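Shown next, in structure tokens, is the structure this report addresses.
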Amino acid sequence: MSAKRILLSIVKYGIPVVLLGTLGYSAAQDPEFIRLLEGPKRWELLAAAAVVTLVAVAVTIVRWQILAQAIGLRLSLRDSLRIGFLGYLLNLMAFGLVGGDALKATFLCQLEPKRKTEAVASVLIDRVIGLYALLMLAALASLLIDFEAIHFRTIEDERTIGTLIVVTQIGAAVATLGLVLLMIPGLAEAKLWDRLGHLPVVGKVLAKLIDATRMYRRRFDQLALAIVMSLVVHSLYVAMVYLVALGLGSTPPSIASHFVIVPMSMVAGALPIGTFEAVLDTLYRGISAASVPARQGFLIALTFRCIQLVVATVGIGYYLTSKGEMQQLLDASAKSKEEPPLEGQSTVAS
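So for the sequence shown, the numbering used here puts the first residue at 562; every next one is plus one.
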């Protein structure tokens with residue numbers, strides 16, 4: 562393994578360990594957190610949260626199928642569900658395993674070996690639309706909420722959350738503008754976009770994203786449907802987190818506030834595991850009343866992860882029912898991450 566990969570691995574796994582360790586240590590020192598952890602639970606609400614999560618994951622997988630079929634790829638509902646749930650499981654198991662997006666891209670490349678570019682594009686666009694919808698949901702919710710009615714824990718919390726909201730709104734506006742420009746005939750083919758592919762660090766990713774967007778430019782109806790489905794998915798996750806908070810016996814902020822808190826935390830969750838927990842904990846602490854345990858957001862985030870793992874066991878079921886085929890696919894995905902010719906594809910997909 563090269564020194565660069567070793568360094569990237571240290572950063573990738575070191576940051577989550579430090580973040581989670583710091584949050585865990587801080588929570589353990591809070592008597593109110595311990596009382597919340599050991600207090601009575603409403604298991605029916607936690608079970609409902611798991612069902613909501615299962616539905617959200619299923620809709621996400623169907624969204625990928627629709628986007629793949631929109632550019633002519635042959636992807637059945639059965640195949641999309643079994644690969645999608647196994648990919649969901651892999652995304653939650655970070656250490657040394659193939660990423661879920663890489664698995665989906667590899668499967669489509671094997672299914673359509675002459676259309677590898679389209680295969681990777683479908684996975685990339687699926688991920689980008691999900692992130693875009695998160696930004697849009699948080700931005701729209703932040704415009705509709707009366708923040709003057711919210712009692713922030715401290716002035717510093719109010720400033721921090723206000724800054725995050727402004728950044729989210731700007732990000733949503735810029736993303737929307739870029740999407741609109743790429744949908745305009747003629748502009749999508751402008752050489753200016755190709756020059757972005759030569760930028761340092763992000764150039765390769767931008768180049769693949771621009772190529773993928775060009776493929777979907779004439780299927781705006783399918784893109785719009787995927788965005789609507791994404792908004793539904795993220796709304797389900799908002800409801801899920803709210804149910805978790807109630808199920809743990811917590812006193813959460815309003816459900817309206819969750820439409821800002823949860824999407825912003827999930828955008829951060831696109832980074833290594835630990836970022837989601839840190840942001841959710843920060844936002845929850847800032848918006849919750851002073852009488853509420855300061856680290857309740859951390860416990861809610863951990864419960865969120867546990868429920869995700871429970872739902873991901875569906876992926877284990879799909880793996881066991883077709884173990885030989887799935888293992889060959891996993892091996893092919895792992896190999897594609899190591900061979901330079903396919904490195905760009907697996908990097909984009911992961």
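Positions of the beta carbon are idealized from the N, C-alpha and C atoms, including for glycine.
Predicted model, so just to flag it, every value in this text is computed and none were measured.
Closest to residue i by C-alpha separation, out of the options, would be which residue?
| i | options | result |
| --- | --- | --- |
| residue 726 | 714, 820, 783, 788 | 820 |
| residue 697 | 687, 735, 708, 674 | 735 |
| residue 873 | 626, 599, 646, 619 | 646 |
| residue 701 | 730, 667, 875, 685 | 730 |
| residue 684 | 695, 827, 769, 742 | 769 |
| residue 777 | 703, 629, 706, 615 | 629 |
| residue 601 | 811, 663, 882, 888 | 811 |
| residue 713 | 723, 767, 755 | 723 |
| residue 815 | 711, 615, 583 | 711 |
| residue 791 | 583, 620, 704, 648 | 620 |
| residue 640 | 669, 615, 582 | 669 |
| residue 743 | 781, 709, 888, 728 | 781 |
| residue 728 | 704, 767, 747, 880 | 704 |
| residue 615 | 708, 764, 582, 801 | 801 |
| residue 516 | 836, 871, 883, 813 | Because the chain is modelled from 562 through 911, residue 516 falls outside the range shown and cannot be assessed. |
| residue 596 | 721, 871, 853, 779 | 853 |
| residue 775 | 747, 888, 568, 889 | 747 |
Is the closest heavy atom of the ligand SAH to the C-beta of residue i under 6 Å?
| i | result |
| --- | --- |
| residue 654 | With respect to the ligand SAH, the structure offers nothing, as it holds no ligand at all. |
Does residue i get closer than 7 Å to chain B when you measure Cβ to Cβ?
| i | result |
| --- | --- |
| residue 727 | Looking at the structure shown, chain B is missing, and only one protein chain is on hand. |
Would you grab the beta carbon distance between residue i and residue j for me? Rounded to a whole angstrom, and I think it's under 8 Å.
| i | j | result |
| --- | --- | --- |
| residue 757 | residue 771 | 7 Å |
| residue 855 | residue 624 | Not a contact, Cβ separation roughly 37 Å. |
| residue 627 | residue 783 | 6 Å |
| residue 789 | residue 823 | Residue 789 to residue 823, Cβ: 18 Å. No contact. |
Do residue i and residue j have their C-beta atoms within less than 7 Å of each other?
| i | j | result |
| --- | --- | --- |
| residue 797 | residue 681 | no |
| residue 718 | residue 847 | yes |
| residue 650 | residue 876 | yes |
| residue 610 | residue 794 | no |
| residue 622 | residue 642 | yes |
| residue 844 | residue 862 | no |
| residue 686 | residue 773 | yes |
| residue 869 | residue 653 | yes |
| residue 828 | residue 740 | no |
Apply the 10 Å Cβ neighbour rule to residue i and answer buried if 16 or more other Cβ atoms are within range, or exposed otherwise.
| i | result |
| --- | --- |
| residue 657 | Low confidence applies to residue 657: its pLDDT is 42, below 50, so where it sits in the model is not reliable, and the reading given next is rough at best. Classification for residue 657: exposed. |
| residue 637 | exposed |
| residue 838 | buried |
| residue 665 | buried |
| residue 716 | exposed |
| residue 851 | exposed |
| residue 761 | exposed |
| residue 826 | buried |
| residue 733 | buried |
| residue 785 | exposed |
| residue 661 | buried |
| residue 865 | buried |
| residue 667 | buried |
| residue 867 | exposed |
| residue 753 | exposed |
| residue 860 | buried |
| residue 881 | exposed |
| residue 507 | Any answer about residue 507 is impossible in this case: the structure gives the chain only from 562 up to 911. |
| residue 699 | buried |
| residue 922 | Only positions 562 to 911 of the chain appear in this structure, which leaves residue 922 out of reach. |
| residue 648 | buried |
| residue 738 | exposed |
| residue 809 | buried |
Is the segment 808 to 824 close to the segment 676 to 691, with three or more CB pairs under 8 Å?
-> no
Do the segment 625 to 637 and the segment 668 to 687 touch if we need at least three Cβ pairs shorter than 8 Å?
-> yes
Do the segment 795 to 811 and the segment 604 to 620 make contact, defined as three or more Cβ pairs closer than 8 Å?
-> Yes: the two stretches touch, three or more of their Cβ pairs being nearer than 8 Å.
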